[in-house]
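These notes concern the structure reproduced below.
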Amino acid sequence: MDKIQTIYIDKTYAMLFVFVICLIFFYEYVRYQNNKYSTSTVNTVSTTEPNNTVVIIPPNDIHRHHHERDYLLNNPLRDYDVRVFADPLTPPYKRDDYNMDPALLYPSLYSYSSRGQVGTFKRMGMLINQAADNTDKYKFLILMGRQKYRGSNTYEYYVTSMSSESNFKLDIPSLKKEVFSGDTVTIPELGDITYTASVDKLLDFTYNPDWI
874 MDKIQTIYID KTYAMLFVFV ICLIFFYEYV RYQNNKYSTS TVNTVSTTEP
924 NNTVVIIPPN DIHRHHHERD YLLNNPLRDY DVRVFADPLT PPYKRDDYNM
974 DPALLYPSLY SYSSRGQVGT FKRMGMLINQ AADNTDKYKF LILMGRQKYR
1024 GSNTYEYYVT SMSSESNFKL DIPSLKKEVF SGDTVTIPEL GDITYTASVD
1074 KLLDFTYNPD WI
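First residue of the sequence shown: 874, per our numbering; consecutive thereafter.
Take a look at the structure:
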């Protein structure tokens, strides 16, 4: 009986030993594969910049490069600057050199309007220079605007160009009333040219006779 018990214990230790050896081999194999992948990645890391050019990054600069990119991507001040420059829905309002009012970035957390929620800028329609030739890049301008607050008769406007070759935005502080189709708007920055407004159709519920 003691002999059988001794053999059973020996087999148990042997199986445990084999299991430990297999575990060590598996661990070393995984570590080898990870090191191999990391080495190949370090030698071939590249990044695509916004202008679609591929930049090869030296191994020593990889961590610094990604740190800088993460900082730029997560920098709210730079994000606002980019949107002011490239996003037609962001008004041409400059910020302070070193900081920004958090209410501009996170209005739902900081800004509570006493006269109702302030709307966001949206496309209101177009401004058309009736006297300009059709080839004039300033003949058509996009009119962006918003109501000052719910129920207000005061509005804020700016214009942006429809041409991809002339990316600009112009604030119109003198225009404070609601604009309707046929109204005329003068823009001093463009030589006091008078434009005629063409307001977009309101997105609203409409009656469809085929449904009833």
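For each residue, glycine too, the CB sits at the ideal point set by N, CA and C.
- Excluding its 5 nearest sequence neighbours in each direction, Lys1021 has C-beta neighbours in its own chain below 6 Å: Thr1027, listed in chain order.
- In terms of Cβ geometry, Gly998 and Asp1073 form a close pair [threshold 8 Å].
- For Leu1063, same chain residues with a beta-carbon under 7 Å away, outside a window of 5 residues either side, are Tyr1011 in chain order.
- With respect to the 8 Å criterion, Asn1007 and Tyr1068 are not classified as neighbours on the basis of their beta carbons.
- The straight-line gap separating the alpha-carbon atoms of Ser1047 and Ala1070 is approximately 15 Å.
- Closest by C-alpha distance to Ala1004, out of Ile1066, Arg904 and Val903, is Ile1066.
- For Val1058, no alpha helix (DSSP H) segment is defined; the enclosing uninterrupted segment is the beta strand (DSSP E) at Thr1057 to Ile1060.
- Bounds of any alpha helix (DSSP H) do not take in Arg1023, whose DSSP letter is neither H nor E.
- At a Cβ-Cβ threshold of 8 Å, Val1052 and Leu1075 do not count as neighbours.
- Using a 10 angstroms sphere on the CB of Leu1014, the tally of other CB atoms reaches 16 or more, which defines it as buried.
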